[in-house]
Amino acid sequence: IVNNVEVSGITTFSNDVAVAGLTTTKNLQVTGTATFNGNIAASSIEATSSFQVPSASVTTKLGVGSTDTPASDIQVTKSGNADIQICGTGGIAALNVGREVGTSKTHTSQIRFGGGAGAPYSSGESLDIINYDVGNFNYHLGAGNVPGLKGDFVWHKGLNSARLMTLTGIGGSLGIG
């Protein structure tokens, strides 16, 4: 095919279809596996209904928000604010970080909202940070050994409230009130 091809209705190909160059389509429905070699530019990947859940496997690195080549496995880069949201409507929203895939929770940790079993004082309105393994829970301020480090640990109740408690970076002093 040298020039344009216009198809209206459903077209079924029983073998591979190779496209070299730019192809523009309004809707493309693939019922099997589609393999793309090269970059894919998409404004979004969304489900078209509650019955069709999108699934995309990326075998190298995934970049979201810019045309920069990702430096890490998943990179979100935007001019201005960048936002990643995990939302469990009516349930627990969780981010798991660890050395295992699955739910056995032996070598993993979790940041979650919405409560859950096994965490005292956890409710549907709680933010939990949990280490399921036996290692430490470490905080690092100025981990890059910044000269003149001024960071403290500060606790507030409410977004625009005064400090309730401060653990200063100078000698480990704790101030209450």
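Heads up: the sequence shown is residues 1224 to 1400, going by this note's numbering. Each residue gets a CB set at the ideal place from its N, CA and C atoms; glycine is no exception. Just so it is clear, the structure is predicted and the values come from calculations on it, not from any experiment.
Do residue j and residue i count as a contact pair if the criterion is CB distance below 8 Å?
i     : j     : result
G1374 : L1364 : yes
N1354 : S1332 : yes
L1387 : W1378 : yes
A1342 : D1351 : yes
A1366 : F1336 : no
L1318 : I1297 : no
Under a three-way DSSP split, which group does residue i fall into?
i     : result
G1325 : coil
A1316 : strand
D1356 : coil
H1379 : strand
Q1308 : coil
L1245 : coil
Q1333 : strand
D1291 : coil
D1351 : strand
T1256 : coil
T1389 : strand
If residue i sits next to residue j, beta carbons under 8 Å apart, how far is it from one beta carbon to the other, in whole angstroms?
i     : j     : result
V1299 : G1288 : 5 Å
P1293 : K1301 : Contact flag wrong, Cβ pair sits at about 13 Å.
T1330 : G1339 : A small fix is needed here, since residue 1330 is His in this sequence, not Thr. That pair is no contact at about 19 Å.
With a cut-off of 8 Å, does the C-beta of residue i fall near any C-beta of chain C?
i     : result
G1303 : The chain labelled as chain C is not found in the depicted structure, where only one protein chain is given.
Opposite residue i in the DSSP bridges: which residues?
i     : result
G1286 : Q1298
L1364 : DSSP lists no partner for L1364.
Using 7 Å as the cut-off, classify the Cβ of residue i as near or not near the heavy atoms of the ligand SAH, replying yes or no.
i     : result
D1239 : As presented, the structure is devoid of all ligands, the ligand SAH included, so that no description of it is given.
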